[in-house]
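Colleague:
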Amino acid sequence: MNQQDGRLAANRADGMNMIRIQGGHVFRLTATPKPHVLQLPQPTHVAACPRGFTIKPRLLVQVGDTVACGQPLFCDKSQPYMQWTAPGGGVVEEIRFGPRRVLEAVVIRLPPNAQDEQKVDFGSVLPAQLSSMSSQEVCKRLLQAGLWPLLQHLSPTQSYNVTAGDSSNQQLQEIYVSALAGEPHSPQPQLVLHGQQQFFVLGLLALTRLCAKTYLFTAAHSQLDLAGLRLPETVQQRCIENRYPAHHTGVQRYYTHGSLQGQASDRAAGINLDGVIRIGHLFATGHLYTERLYAVGGDAAPKAIHLRTRLGVKLEHITQSLNHIAKQTTEALHHRQQQNSSATAPNPTANNPPSQQPVQQPYRLVAGGMLTGKQVQLGDYLGLADCSVQMLPQGQQRPMLAFLRLGFDKLTASRAWASALLPRELQHTDTSANGEERACIQCGQCIKVCPVQLLPNLLLKASLLQDTQRMQELGIADCVDCGLCTFVCPSKIELGQHIETGKQQIAKEES
Amino acid sequence: MVKLWDDLVARARAGKGFWGKQRALLSAIDNFVRKPLRVTSTAPHIRDALDLKRTMVIVVVALLPCLLFGMYNTGRSAYLSIGYTQFTVAQALLEGAVHVLPLVLISYAVGGLCEVAFAQWRGHEVAEGFLVTGMLYPLVCPATIPWWMFALGIVFGVVIGKEVFGGTGMNVLNPALLARAFLFFAYPAHMSGNVWIATPVVKGADGMLQPSGWTSIPTQLIERFVQGSSQAADGYSGATALAVVAENSPGGIHAVTQLHSTYSWWDMFIGFVPGSIGETSTAMCLVGAAILIVTGVGSWRTMAGCVVGCLTTASLFYLASSTNTPDAFALPPTDHLLLGGFAFGAVFMATDPVSSPFHPMSRWIYGFWIGSICVLIRLINPAYPEGMMLAILFMNVFSALIDHYVVAYVLRNRRRCYAQK
């Protein structure tokens with residue numbers, strides 16, 4: 029038995045079956061969303077966006093069409109059965125294109141009265157009926173409802189953002205369900221699950237129909253309580269160390285089966301908690317679940333909190349509501365202060381009007397996590413893949429001789445700043461690269477943090493040389509795009525981008 | 017003021033006219049003094065606070081104990097060479113500073129100039145790696161080295177050792193060590209023999225001692241020494257401890273006994289022995305090693321590998337030593353760790369990430385061979401009493417090869433692991 033194999037076995041045997049992750053990083057950040065859920069008012073518009081999926085969309089609707097919630101809006105050109113459906117019923121108001129006519133969003137205006145919204149009925153199913161359904165039937169229904177893209181493909185040759193293909197001819201072997209908080213500032217699983225337990229169980233049941241093995245991964249010491257649930261018996265529960273990116277189903281697959289290298293026929297897919305609940309809703313009610321729990325975090329967010337609102341909402345809708353709440357709380361605070369001060373002694377400063385609004389610093393909006401998400405604008409819409417919104421301050425400060433400081437406030441995975449001595453302290457973040465780009469000095473930081481034990485520095489070199497064979501030898505198929513290698517690189521090299529280029533090249537050569 | 021400077025740097029970065037020709041310099045100063053203004057363009061949107069500047073500055077800080085002790089030791093031996101023992105620590109430090117600080121300045125100024133020139137020529141930014149090279153280089157040279165020769169060495173190290181390969185990160189050999197190796201082979205008379213003591217007196221053409229300039233030692237002290245003791249021309253030996261061992265001393269005294277009677281174990285550990293400026297003190301190297309290991313900047317695996325390799329090889333020689341073998345074989349293995357440039361090389365030179373392998377496993381192998389080859393050169397090769405510099409340069413060349421085989425091994429395991437399932 030070789031060393032790596034022994035390690036995997038040891039990981040599994042470790043008490044309580046907790047799987048330990050080599051590498052990874054535990055982020056401790058300020059402005060983490062508080063565990064309160066805020067219900068936002070009904071938005072006027074929702075949209076479906078292909079952001080986060082590598083597809084070539086073909087439009088199925090036109091501006092002015094009336095669509096029902098669940099009706100297909102666009103599909104993938106090469107796999108027309110893969111379709112994205114309307115997150116709400118209404119009129120298609122706008123079809124937005126980006127540069128080079130890349131489809132960005134199909135915007136739907138919702139009727140002013142929520143009861144007028146039309147919904148496609150896919151037919152509800154009882155749990156007993158579901159457990160006797162064939163995998164083809166389940167698959168067909170998921171494709172119809174546009175929920176299939178929620179299953180991420182964990183195939184060796186394709187990029188991780190590619191959704192699992194048509195399963196009618198090739199059945200999935202394994203599905204990994206991730207019930208972990210994942211990236212910093214993403215929704216907490218216990219809040220996502222709250223009130224949705226029955227749908228979660230039904231969704232899991234549907235997934236067990238699709239494949240031979242279903243794994244459910246939870247974090248060690250998580251607040252998620254699955255004890256009262258009657259999970260399908262075939263679901264194998266696993267407990268994994270809660271380090272970023274343990275939430276990634278690719279990492280979970282790696283610590284279950286080892287490297288994907290050289291194995292082409294492995295068909296595995298991953299899905300998160302929210303996705304399972306959506307599938308459960310589809311089977312239980314016959315309709316699409318139109319809401320989603322979003323987490324909003326980051327040091328520029330007026331309030332770091334969880335929000336429940338429609339799926340595919342405009343970012344402005346979220347930020348406006350947050351600003352409104354933040355304003356209300358500051359006003360309430362001010363009001364209370366005024367009352368207090370007038371009760372005790374007349375304070376001349378208290379007479380100033382409440383004009384000290386928090387100064388709006390320039391910030392960056394990110395849909396998704398701060399390590400893997402995409403930069404978006406206020407007018408953009410959230411897509412099917414986005415569960416959180418980050419508001420990060422732009423790193424425009426230029427302190428003098430900062431590199432000579434002890435650095436008790438630095439966010440780092442290394443021990444080169446004094447903040448490493450305070451592992452409980454929370455760190456601020458901004459978008460500063462914290463340095464200029466330099467040549468690789470082979471420091472080995474990227475090797476240390478890689479959660480799937482790759483050698484990112486060699487992948488970088490192979491990618492620059494466009495040596496696809498070498499990249500595959502190095503195990504590029506296992507890379508989960510977690511962004512940690514790019515995060516830690518002291519030479520500030522965009523490792524992730526180069527590796528992504530390599531993956532695209534491999535995909536192109538193999539197609 | 018800040019606005020004026022911003023304007024100037026912006027004009028330089030635009031690359032036109034007179035200021036465009038100063039781009040590399042101005043940009044380097046700007047990014048050195050202030051945090052660089054660069055934000056992430058894609059995911060991940062946040063980045064680690066660690067950059068190369070911080071990494072390099074930590075190495076420089078780790079070198080400071082060696083530099084300070086080197087200055088003290090230089091001043092101390094200068095006073096001792098004129099037979100004066102009543103000096104204070106401050107006096108010794110001052111005398112050492114007079115000899116050492118000009119070297120540090122020359123190293124940074126001349127080497128930095130080469131860096132800036134190449135950065136300007138190639139359209140690069142000045143890389144921070146030079147912060148370390150510029151400090152390492154004076155510490156591995158004798159305090160008596162002529163300044164022009166010293167400057168020539170750093171030019172060779174930076175240009176041939178680094179820039180022709182493409183700058184920091186691309187070099188095969190450690191630039192500071194290469195600069196020293198250049199001097200070692202080009203000007204052997206100034207790099208070995210009795211060159212270690214920066215004495216304020218020289219032997220004149222008539223064989224009489226004369227005061228020679230560039231010292232902070234009061235003139236009357238030197239005068240008194242020159243007039244009073246012309247017979248004590250070689251009163252204070254300048255031979256390094258390893259040279260003492262290598263030259264099988266006359267009179268039938270065993271070299272190791274001779275060594276231990278010349279320098280006590282404590283002297284060798286603290287560093288009160290002749291040698292290059294920074295390398296004599298194992299104690300200060302340990303302080304530096306602690307800083308490098310705690311901050312994670314230097315690889316503890318390389319350092320540990322060096323120690324293991326050195327001890328193993330030296331033990332073999334020690335066990336094999338008899339009356340028929342050279343005296344040096346009988347040097348206790350632990351003494352090898354204290355003598356010459358071993359500690360300095362293992363802590364600061366071998367851990368240079370660019371010229372060493374990157375895989376944790378390779379670093380053990382790399383370190384082991386450095387320690388081992390160092391002892392081999394010291395004991396087997398009669399021409400070189402010291403072997404650390406050559407051992408590190410030798411293994412620098414092999415580091416890519418070590419990585420190649422270690423990576424092949426790791427990847428084979430990765431594949432096999434899956435196949436067994």
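Top to bottom, those sequences are chains A and B. Residues 29 to 539 (my numbering) make up the first sequence, in order. Residues 17 to 437 (my numbering) make up the second sequence, in order. Every residue, glycine too, gets a C-beta built ideally from N, C-alpha and C.
(1) Quick one: list the residues of chain C neighbouring T496/A, beta-carbon separation under 9 Å, in chain order.
(2) How is the beta strand (DSSP E) around M17/B delimited, first residue to last?
(3) Would you mind listing the beta strand (DSSP E) stretches within the region 261 to 308 of chain A that are 3+ residues and don't spill past its ends, in chain order?
(4) May I ask you to report which of helix, strand or coil DSSP gives I47/A?
(5) With H, G and I counted as helix, E and B as strand and the rest as coil, what does DSSP make of F125/A?
(6) Using a C-beta cutoff of 9 Å, does D302/A count as contacting chain B?
(7) In chain order, which alpha helix (DSSP H) runs of at least 4 residues are fully inside the region 113 to 187 of chain A?
(8) Classify H222/A as buried or exposed, calling it buried when 16 or more other Cβ atoms lie within 10 Å of its own Cβ.
(9) Name, in chain order, the residues that DSSP records as bridge partners for E319/A.
(10) At the level of alpha carbons, what is the spacing between L238/A and L257/A?
(11) Do A156/B and L193/B have their C-beta atoms closer together than 9 Å?
(12) Hey, L347/B and M284/B are a contact pair by Cβ (cut 8 Å); roughly how many whole angstroms apart?
(13) Say whether chain A places a C-beta atom closer than 9 Å to the C-beta of F103/B.
(14) Mind listing the chain B neighbours of A461/A? Cutoff is C-beta to C-beta under 8 Å, in chain order.
(15) For the region 29 to 78 of chain B, list the alpha helix (DSSP H) runs that are entirely contained and at least 4 residues long, ordered along the chain.
(16) Comparing the C-beta of L20/B with each C-beta of chain A, is any distance below 9 Å?
(17) Against chain B, which members of the region 426 to 452 of chain A pass a CB distance test of less than 7 Å?
(18) On the DSSP letters alone, give me the boundaries of the beta strand (DSSP E) that E202/A sits inside.
(19) Provide the residue(s) that pair with T390/B in DSSP beta bridges, ordered along the chain.
(20) Under 9 Å, do S442/A and Q470/A count as touching if we go by C-beta distance?
(21) Suppose you measure from the CA of M499/A to the CA of R428/B; what does that come to, to the nearest Å?
(22) Listed from N- to C-terminal order along the chain, which residues in the region 177 to 189 of chain B have their beta-carbon within a distance smaller than 8 Å of any beta-carbon of chain A?
(23) Just the C-alpha distance for L417/B and F102/A, rounded to the nearest angstrom, thanks.
(24) When the Cβ atoms of the region 318 to 333 of chain B are set against those of the region 280 to 296 of chain B, are three or more pairs found closer than 8 Å?
(25) Could you name the residues of the same chain whose beta carbon sits closer than 7 Å to that of T191/A, not counting the 5 residues immediately before and after it, in chain order?
(26) Within 10 angstroms of the Cβ of H334/A, are there 16 or more other Cβ atoms? Answer buried if so, exposed if not.
(27) Please list the terminal residues of the continuous beta strand (DSSP E) segment that includes D408/A.
(28) Return the CA-CA distance between Y204/A and G298/A, expressed in angstroms with no decimal places.
(29) Below 8 Å CB to CB, which residues in the same chain sit around L259/A once its five sequence neighbours on both sides are set aside?
(30) Which residues in the same chain have their Cβ closer than 6 Å to the Cβ of T71/B, if we skip the five residues on either side of it in sequence?
(31) Determine which residues of the region 395 to 418 of chain A have a Cβ less than 9 Å from any Cβ of chain B, and write them out in chain order.
(32) Using a Cβ-Cβ cutoff of 8 Å, what residues of the region 71 to 105 of chain B are near chain A? List them in chain order.
(33) What does a CB cutoff of less than 8 Å around V422/B pick up in its chain, not counting 5 residues either side in sequence?
(34) Out of V279/A, S206/A, H213/A, G278/A, which has the shortest C-alpha to C-alpha gap to A247/A?
(35) Could you check the C-alpha separation between C167/A and R295/A for me, to the nearest Å?
(36) Verify whether the separation of the beta carbon atoms of R54/B and A262/B is less than 9 Å.
Modeller: In terms of the structure at hand:
(1) Checking the listed chains, one finds no chain C in this structure; the protein chains it contains are A and B.
(2) It is not in any beta strand (DSSP E) - M17/B carries neither H nor E in the DSSP assignment.
(3) Qualifying beta strand (DSSP E) stretches, in chain order: 263 to 268, 296 to 300.
(4) strand
(5) strand
(6) no
(7) 155 to 158, 163 to 172
(8) exposed
(9) R338/A
(10) 21 Å
(11) Checking the displayed sequence, the identity of residue 156/B turns out to be Val instead of Ala. Their beta carbons are under 9 Å apart, which means V156/B touches L193/B by this criterion.
(12) Actually they are not in contact, since the Cβ atoms of L347/B and M284/B sit about 11 Å apart, beyond 8 Å.
(13) Residue-level contact check: F103/B does not touch chain A, since none of the beta carbons of chain A fall below 9 Å from its beta carbon.
(14) By Cβ distance, chain B contributes P52, R54, V55, T56, R63.
(15) 33 to 36, 39 to 49
(16) no
(17) R426, P427, M428, L429, A430, F431, L432, G435, K438, L439, T440, A441, S442, R443, A444, W445
(18) First-last of the beta strand (DSSP E) with E202/A: 202 to 207.
(19) The question names Thr, yet the displayed sequence has Cys at residue 390/B. DSSP lists no partner for C390/B.
(20) No, the Cβ-Cβ distance between S442/A and Q470/A is not below 9 Å.
(21) 14 Å
(22) G182, G183, T184, G185, M186
(23) 53 Å
(24) Because the criterion of three Cβ pairs below 8 Å is not met, the region 318 to 333 of chain B and the region 280 to 296 of chain B do not touch.
(25) With a pLDDT of 47 at T191/A, under the threshold of 50, the predicted position of this residue should be treated as unreliable, and no value is reported.
(26) buried
(27) It is not in any beta strand (DSSP E) - D408/A carries neither H nor E in the DSSP assignment.
(28) 5 Å
(29) V229, L232, L244, Q265
(30) V313
(31) Hits within the stretch, in order: G396, G397, M398, L399, T400, G401, K402, Q403, Q418.
(32) T71, V73, I74
(33) The residues are P373, H375, M377, S378, I381.
(34) S206/A
(35) 15 Å
(36) no
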